[in-house]
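Under UniProt numbering, the sequence shown has 593 at position 593, and the numbering climbs by one with no breaks. A short write-up of the structure that comes next.
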Amino acid sequence: MIFTLGDITVWFPYDYCYPEQYAYMSELKTTLDAKGHCLLEMPTGTGKTVCLIALITAYQYQHPEVGKLIYCTRTVPEMVKCVEEIKRVIRYREEQLGPAGSKVLALCLSSRRNLCIHQRVLEDADREAVDGACRDMTASWVRQRAGVKRDKGGARGANGAAADNGGGANGGGGGGAGGGAQGGEVDASIELCQFYEEYDANGSDSVMPSGIYSIEDLKDFGREKGWCPYFLARHVINHANILVYNYQYMLDPKVAGLVSRELEAESVVVFDEAHNIDNVCTEALSVQLNRHNLEAASRCLGRVSSKVTDMKQHDQRRLNEEYQRLVNGLADNAAGPLPAGVQGIADNNMLANPALPADVLAEAVPGNIRRAEHFVSFLRKLIEHLKVRIRATNVESETPLAFLHRLQQNTTIERKPLRFTYSRLNSLLRTLEVTNLDDFRPLSAVADFATLVATYQEGFAIVIEPEGSVIPGVYEPVLQLACLDASLAIKPVFERFGSVVITSGTLSPIDLYPKLLNFHPVVRSSLPMSTFRRCICPLVVTRGSDQLAISTKFDLREDPSVVRNYGSLIIELAAAIPDGIVCFFTSYSYMERIVAQWQESGVLSKVYEKKLIFLETKDVVETTLALDNFKRACDSGRGAIFFSVARGKVAEGIDFDRHYGRCVVMFGVPFQYTLSHVLRARLEYLRATFQIREADFLNFDALRQAAQCVGRVIRSKTDYGLMVLADSRYNRHDKRSKLPPWITQFLTESHLNLSTDMAISLTRMFLKEMAQPIDRDQLKTILCDAHKVKAMDAQATAATTAGVSTVPAVNGSAPPPSLPSSKIAGALPASQAAAAAVGAAAAAAIGAQQQQQQQQQAAGDAMDVPAEEEPQGPDDDEMAALMEMEE
Numbered sequence: 001m002i003f004t005l006g007d008i009t010v011w012f013p014y015d016y017c018y019p020e021q022y023a024y025m026s027e028l029k030t031t032l033d034a035k036g037h038c039l040l041e042m043p044t045g046t047g048k049t050v051c052l053i054a055l056i057t058a059y060q061y062q063h064p065e066v067g068k069l070i071y072c073t074r075t076v077p078e079m080v081k082c083v084e085e086i087k088r089v090i091r092y093r094e095e096q097l098g099p100a101g102s103k104v105l106a107l108c109l110s111s112r113r114n115l116c117i118h119q120r121v122l123e124d125a126d127r128e129a130v131d132g133a134c135r136d137m138t139a140s141w142v143r144q145r146a147g148v149k150r151d152k153g154g155a156r157g158a159n160g161a162a163a164d165n166g167g168g169a170n171g172g173g174g175g176g177a178g179g180g181a182q183g184g185e186v187d188a189s190i191e192l193c194q195f196y197e198e199y200d201a202n203g204s205d206s207v208m209p210s211g212i213y214s215i216e217d218l219k220d221f222g223r224e225k226g227w228c229p230y231f232l233a234r235h236v237i238n239h240a241n242i243l244v245y246n247y248q249y250m251l252d253p254k255v256a257g258l259v260s261r262e263l264e265a266e267s268v269v270v271f272d273e274a275h276n277i278d279n280v281c282t283e284a285l286s287v288q289l290n291r292h293n294l295e296a297a298s299r300c301l302g303r304v305s306s307k308v309t310d311m312k313q314h315d316q317r318r319l320n321e322e323y324q325r326l327v328n329g330l331a332d333n334a335a336g337p338l339p340a341g342v343q344g345i346a347d348n349n350m351l352a353n354p355a356l357p358a359d360v361l362a363e364a365v366p367g368n369i370r371r372a373e374h375f376v377s378f379l380r381k382l383i384e385h386l387k388v389r390i391r392a393t394n395v396e397s398e399t400p401l402a403f404l405h406r407l408q409q410n411t412t413i414e415r416k417p418l419r420f421t422y423s424r425l426n427s428l429l430r431t432l433e434v435t436n437l438d439d440f441r442p443l444s445a446v447a448d449f450a451t452l453v454a455t456y457q458e459g460f461a462i463v464i465e466p467e468g469s470v471i472p473g474v475y476e477p478v479l480q481l482a483c484l485d486a487s488l489a490i491k492p493v494f495e496r497f498g499s500v501v502i503t504s505g506t507l508s509p510i511d512l513y514p515k516l517l518n519f520h521p522v523v524r525s526s527l528p529m530s531t532f533r534r535c536i537c538p539l540v541v542t543r544g545s546d547q548l549a550i551s552t553k554f555d556l557r558e559d560p561s562v563v564r565n566y567g568s569l570i571i572e573l574a575a576a577i578p579d580g581i582v583c584f585f586t587s588y589s590y591m592e593r594i595v596a597q598w599q600e601s602g603v604l605s606k607v608y609e610k611k612l613i614f615l616e617t618k619d620v621v622e623t624t625l626a627l628d629n630f631k632r633a634c635d636s637g638r639g640a641i642f643f644s645v646a647r648g649k650v651a652e653g654i655d656f657d658r659h660y661g662r663c664v665v666m667f668g669v670p671f672q673y674t675l676s677h678v679l680r681a682r683l684e685y686l687r688a689t690f691q692i693r694e695a696d697f698l699n700f701d702a703l704r705q706a707a708q709c710v711g712r713v714i715r716s717k718t719d720y721g722l723m724v725l726a727d728s729r730y731n732r733h734d735k736r737s738k739l740p741p742w743i744t745q746f747l748t749e750s751h752l753n754l755s756t757d758m759a760i761s762l763t764r765m766f767l768k769e770m771a772q773p774i775d776r777d778q779l780k781t782i783l784c785d786a787h788k789v790k791a792m793d794a795q796a797t798a799a800t801t802a803g804v805s806t807v808p809a810v811n812g813s814a815p816p817p818s819l820p821s822s823k824i825a826g827a828l829p830a831s832q833a834a835a836a837a838v839g840a841a842a843a844a845a846i847g848a849q850q851q852q853q854q855q856q857q858a859a860g861d862a863m864d865v866p867a868e869e870e871p872q873g874p875d876d877d878e879m880a881a882l883m884e885m886e887e
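Put into structure tokens, the structure is as follows:
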């Protein structure tokens, strides 16, 4: 379908679209026109990804001045899904425009482990081991020792034939071999990567053909050409129109400084599934050290000291050259000691600085850490001080300034050299020709800690916990540098790029994100869901059949009546609901305790009569196996229940669509652990800096996690499922009002304050209703073809011309009086106001459609007969279009 949105022609790769899809694209266009940022919440299963790609690629095509589309996802499966949608959109555009519409280069970037095609390297599944093995064969100094000439012609004779010698150039021997390489000696036993050598000789200057390359496509292309896909992808970043990669490539400064630093400012950045983006930002700038880390850092420092001594004896010239570069500043040193003409990969091997701004990088490194031996002594004093601090007998929390003051008093270490610690260590490891950086990760963590604590005066807290738990049940001292301000990590993204889109299905309450991230969106919108039937049935269960309240509040969670009533609820649901049920608990410890009590009381044995039970654990392999068996049980008709944890891997990344998730149960409200000293420090910071009250943030965080959990059950328009919120606190308006609109629009008064038996009765009624054939006429109400879209566009244009716009009705309520379009669109320019009016018109269509459904339902109830006596299924074209649009 081709339609016009303002002055933009959009190639939408389906015959129909939903009203909320059109409204979503309208909001996106408003954002791009205004060259600003936006927050958009769109219901799950409504085709959010295809809307993003269709609109932004169309905008790129008709506005060549717009830069890249940088699509950030959380997981590799989400990358794969995104690339498939890109292929679908571009393929459709090519069908309409011919070859001119397909000149797009899209890349999916990932780690070495996901992109490597070297069989020996891939024998180890550990990411760090793969990175180390790659560096052992591709580092510039390793290639020099293997005899790679400085000109490209000499590279062909450099492929070491001794393939069985793996590790001839590992990090342990890098320093001692340097002198031989400089003296012209060649070590024929060193194994090089044939794919990297072929890429260096023939691929580094080539132009990659246009196309949409997923991870597997890049690997296939690499095998065909004999080129390394990992380095090829990084080489063509600047030539690509679309990039798809992980959040960390944009938000973690240690990675973003290497991958994203040269991207043009006109690019459009999209953070998909961004409901937890503030947590991702704080984690990117937080460091946690324990006693084991510090002891390992001391051992690493001893190895570095030995390498420095060895290099002073064999290759003093390299140390002298490094000293001169450090005098000129870190910016000049970033490239490392690479010979002219040799393909430099130091930037891909080493990490960037975690925090330093450009003006600091231009400064000369302080004199007391320029010499390698002086820097080693500097680090030794720092580590010893941290060992003393971590022995604290009481919990300590202090600001970075207080920590630095105490550090200077005890060690005479000043703040300025601390700021350069991470980059100085990086430079030294490069000079020492270390390839296996994983061996020095504890030392890098200490350097990261030092640089961050010396760079930021506000927005951080140092928390020392004598019994900080790294592993459940194992208590050891922990020293944390906790980032409290999420805006610090994302601020460079907002300042650098013209438009940043933050979107998810669970952003509500949406008004808190601008405060947390400290930015001003030009658009913020939460869209309702258009449905042809009430496919979502949220139920708030507040008490058991014995009328005793159920809750996971601290004073009630261990109450025998609560445990018993929760057990009765799951028994009744297992008997009433076919196929799969997913249950979420507030924490691993609570899940373990309540499951143990259910086992003792016989609850689980009764559940086993109806369904099998599987549990999520902290072990990824065990959880993956449990998920596979859960799906097998559902496929076989046996049915199963999956016990999981809010904030866990399953809650964040696994979809339970169709029969895998006919019901999701949220046991309790998933609040954070409020006794956490880091959380307390963050709450205090948010209140003092952004005027966010502690209760507001805790409720916001808990309800978005609950929405994320229950949202796993509905993944398309044809899907359906129950959402059981089993806690008396969900009945309070201040809790349920923070759920997304696409959930609350189905949360009627009759679904609140339910007992277990009432909930089971409503469950059976809902499942009976969903078992009826789909009505073709109702299906048509949510499918907009080209004619409907054109009518919506004309309606919005007329409303804009008249200076009024329609505010959508939700849940069939009467719309409020019309408001001037300037109030709706924020007094934007005419083209932007028109786009906003289009979105309002589309949302109005959703409201009208829902009102019509409710009127039909009410009439049917009054007559005690179904609204449609003889429901007919949709025709083949409409059903095919509906199924094809499932996300």
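Where is the CB? At the ideal position from N, CA and C, for every residue including glycine.
- A residue is called buried when at least 16 other Cβ atoms come within 10 angstroms of its Cβ; L401 does not meet this threshold and is exposed.
- The beta carbon of F378 sits closer than 6 Å to the beta carbons of I369 from its chain, once the five residues preceding and following it are set aside; these are given in chain order.
- With contact defined as three or more Cβ pairs closer than 8 Å, the region 678-694 and the region 722-731 are not in contact.
- I8 is a Cβ neighbour of A58, given a cutoff of 7 Å.
- Look at T503 here: in three-state DSSP terms it is strand.
- Annotation for T431: R318, L319, E322, P337 place their beta carbon closer than 7 Å to its own, counting only its chain and skipping 5 residues before and after.
- Cβ-Cβ separation between I581 and I536: approximately 16 Å, too far for a contact (criterion under 8 Å).
- According to the DSSP assignment, N114 belongs to no beta strand (DSSP E) but to the alpha helix (DSSP H) extending over 112-115.
- Distance from the Cα of R223 is smallest, within the candidate group Y245, Q119, S298, for Q119.
- Annotation for A574: the continuous alpha helix (DSSP H) segment containing it runs 560-576.
- For L783, same chain residues with a beta-carbon under 6 Å away, outside a window of 5 residues either side, are Y16 in chain order.
- Contact between the region 230-244 and the region 64-79 is present: three or more C-beta pairs spanning the two stretches fall below 8 Å.
- Across the structure, S755 and V710 are spaced so that their CA atoms are roughly 19 Å apart.
- For I536, the beta-bridge partners assigned by DSSP are G721.
- Taking one beta carbon from each stretch, the region 560-569 and the region 536-552 have 3 or more pairs nearer than 8 Å; the two touch.
- Distances from the CA of L479 to each of W598, A486, I462, E495 were compared; the closest alpha carbon is that of I462.
- DSSP places E262 outside both helix and strand once states are collapsed to three, so it counts as coil.
- Taking 3 residues as the shortest admissible run, the region 24-67 contains the following complete beta strand (DSSP E) segments, listed from N- to C-terminal end: 38-41.
- Counting other Cβ atoms within 10 Å of its Cβ, R764 stays below 16 and is therefore classed as exposed.
- Fully enclosed alpha helix (DSSP H) runs of no fewer than 4 residues occupy 677-690 of the region 652-696, in order along the chain.
- Spatial neighbours of R736 in its own chain (CB-CB distance under 6 Å, excluding positions within 5 residues in sequence) are listed in chain order as Y730.
- Rounded to whole angstroms, the separation of the alpha carbons of F195 and Q21 is 44 Å.
- Distance between D719 and D701, taken at the CA atoms: about 27 Å.
- Nearest to G648 by alpha-carbon distance, out of E694, P43, R325, Q705, is Q705.
- In the three-state reduction of the DSSP assignment, N518 falls in the coil class.
- A23 and L739 do not touch by the CB rule: their CB atoms are close to 20 Å apart, not below 8 Å.
- DSSP places C108 within a strand segment (E or B) once states are collapsed to three.
- Residue environment for V259: buried (at least 16 other C-beta atoms within 10 angstroms of its C-beta).
- K618 counts as exposed, since fewer than 16 other beta carbons sit within 10 angstroms of its beta carbon.
- A461 is bridged by DSSP to A482.
- N246 carries a strand assignment under DSSP once its states are collapsed to helix, strand and coil.
- Nearest C-alpha to P521 among A450, Y18, L5, L32: L32.
- For E321, the uninterrupted alpha helix (DSSP H) segment begins and ends at 316-328.
- Proximity to L326 across L428, P253, V388 peaks at L428, based on C-alpha coordinates.
- The three-state reading of DSSP puts G580 in strand, counting E and B together.
- In the DSSP secondary-structure assignment, C72 is bridged to Y245, F271.
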